Amino acid sequence: MKILSILLAVVWLGGCTIVAPKYTANVDNVNVLKQNKQEINTGDFVLANKKLNSISLRGSKLKSPVNASYADYLEDAIQLEFKKASLFNPLSPLLLTAKITENDLDASGFSVGDGIMTVEFTVSKNTDTVFNKTLTAKIEWDSSFIGSIAIPNAQNSYPTLVKQLLSQLYSDAEFKKLMM
C-alpha cells in the first residue's frame, strides 16, 4: 500500500499541467502598429513539429490557454494587437501566416531562466509572397533553485517572450514598409 501511495504521488506531482498566462495587448506594440495604414488578416499559424507544443518546466507541462496550441496562442496575440490598432480585417488582401520553429522555456537554471521562440513569418498579397522573414526572440528572467519560485516565474514569462517576438516583427523595416 505504501508503494502504491508513493507511485501515485510521483505520477501526480510529475504530471502537473499548468497553463501559460493569456496574452494581453502590449501598449508599445499597439502604438507601433498604429503608425501603419494597411489592414491585415491572419492565415495558417502552425508548428514545424508537434514537439514544439510541449514546454516542460522542471517536470510540469506548460500548456497554451488558446486551444492548447502555441500556434493559436501566437495568432491570437497578433490578432489582438492588430485589432487594438484597428488594423485587423478578415477581408484584407494581406494575409499573415507563421510557422513556429523554436518554442521553449528553460527553468532549470538556479538563478536565471531563459526562453527562445523562432518563427518564420510570411505575408502574401493575392497569393504572391511579399514578405518572408524568420525572427528569433530570446528572454531571461530571475529564477531560483526552489521549484515553487522557478516554475511560476517561467510560466509568467511566456507572454513576455511573445511580446518581444511581435515587437521585432512590427519594427522590422521591411514589414513596416509593407504596412505603409
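Residues in the sequence shown are numbered consecutively from 190, following the numbering used here.
All residues carry an ideal CB built from backbone N, CA and C; glycine is no exception.
As the structure is a computational prediction, the values presented were derived from the model and not from experiment.
query = How far does the alpha helix (DSSP H) with Ile207 in it reach, from first residue to last?
reply = Ile207 -> not in any alpha helix (DSSP H); beta strand (DSSP E) instead, spanning Thr206 to Val208.
query = How would you call Ala274, buried or exposed, if buried means at least 16 neighbouring beta carbons within 10 angstroms?
reply = Result: buried.
inquiry  = Strictly by DSSP, which residues pair up with Val301?
reply    = Beta-bridge pairing links Val301 to Asp331.
key: Which of helix, strand or coil DSSP assigns to Leu236   = It is a strand residue.
ask   = How about Lys211: is its C-beta nearer than 7 angstroms to some C-beta of chain B?
value = No chain B is present in this structure, which holds just one protein chain.
key: Which of helix, strand or coil DSSP assigns to Lys352   = In the structure shown, Lys352 sits in a helix (DSSP, three-state: H, G or I).
task = With DSSP collapsed to three states, give me the class of Val255.
result = Note: Val255 maps to coil in three-state DSSP.
inquiry  = DSSP has Ser245 in a bridge; who is on the other side?
reply    = DSSP, once it has assigned bridges, lists Lys250 as partnering Ser245.
query = Ends of the beta strand (DSSP E) at Leu283?
reply = Run containing Leu283: Leu283 to Asp295, per the beta strand (DSSP E) assignment.
ask   = Would you call the CB atoms of Val216 and Ser360 closer than 7 angstroms?
value = At a Cβ-Cβ threshold of 7 angstroms, Val216 and Ser360 do not count as neighbours.
key: Backbone CA spacing between Gly298 and Ile244 [nearest angstrom]   = Straight-line measurement puts the Cα of Ile244 at about 15 angstroms from the Cα of Gly298.
message = Please report the distance separating the alpha-carbon of Glu363 from that of Ser337.
response = Our two residues, Glu363 and Ser337, have alpha carbons roughly 43 angstroms apart in a direct line.
request  = With a cut-off of 8 angstroms on the beta carbons, I'd call Asp233 and Thr286 a contact; round off their distance for me.
outcome  = With a Cβ gap of about 5 angstroms, Asp233 and Thr286 count as contacting.
inquiry  = Using a Cβ-Cβ cutoff of less than 8 angstroms, which residues in the same chain neighbour Leu284 once the five nearest sequence positions on both sides are dropped?
reply    = Hits under 8 angstroms: Ile229, Asn230, Thr231, Gly232, Val312, Ser313 and Lys314.
Beta-carbon proximity check, Ala343 vs Leu246, cutoff 7 angstroms = Yes; because the gap between Cβ atoms is below 7 angstroms, this pair is in contact.
request  = Rounded to whole angstroms, what's the CA-CA distance from Gln353 to Gly302? Just pull it up for me.
outcome  = Gln353 and Gly302 have their C-alpha atoms roughly 16 angstroms apart.
request  = Return the residue from the list Lys272, Leu367, Leu294 and Asn345 that minimises the CA-CA distance to Lys322.
outcome  = Of the candidates Lys272, Leu367, Leu294 and Asn345, Leu367 places its Cα closest to the Cα of Lys322.
query = Over what stretch of residues does the alpha helix (DSSP H) that includes Lys368 continue unbroken?
reply = The sequence as given places Met at residue 368; Lys does not occur at that position. Residues Ala362 to Met368.
N-terminal and C-terminal residue of the alpha helix (DSSP H) that Leu222 is part of = Where Leu222 is concerned, the enclosing alpha helix (DSSP H) stretches over Val216 to Leu222.
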